[in-house]
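Numbering (the numbering used here), first residue to last: 330 to 407.
All residues carry an ideal CB built from backbone N, CA and C; glycine is no exception.
These numbers come from a predicted model, not from an experiment.
Structure, rendered in structure tokens:
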């Protein structure tokens with residue numbers, strides 16, 4: 330089974346996504362990585378987000394971001 334890739338921008342982590350990253354890292358089915366920039370500066374400035382297998386998933390706070398990421402993963406085809 331292929332693991333889901335979750336990518337975070339280091340600036341977005343500093344803006345509040347760090348708590349979401351820490352929670353997601355505890356899930357052994359996820360590969361969680363961070364980069365200096367994901368070229369989503371407009372989103373990064375206004376909301377918390379991560380790339381899930383290359384697709385943007387957003388949340389107003391870290392709890393909502395985690396919830397939205399898991400909802401997105403649940404909709405992925407097997």
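Checklist entry - So, is residue 349 buried or exposed, given that buried needs 16 or more other C-beta atoms within 10 angstroms? => result buried
Checklist entry - What are the boundary residues of the beta strand (DSSP E) that residue 388 is part of? => result 384–388
Checklist entry - By DSSP, does residue 356 sit in helix, in strand, or in coil? => result coil
Item to check | Which of helix, strand or coil DSSP assigns to residue 366 | outcome: coil
Checklist entry - Can you name, in chain order, every residue of its own chain whose Cβ lies under 6 Å from the Cβ of residue 365, other than the five neighbours on each side? => result 339
Item to check | Helix, strand or coil at residue 333 [DSSP, three-state] | outcome: strand
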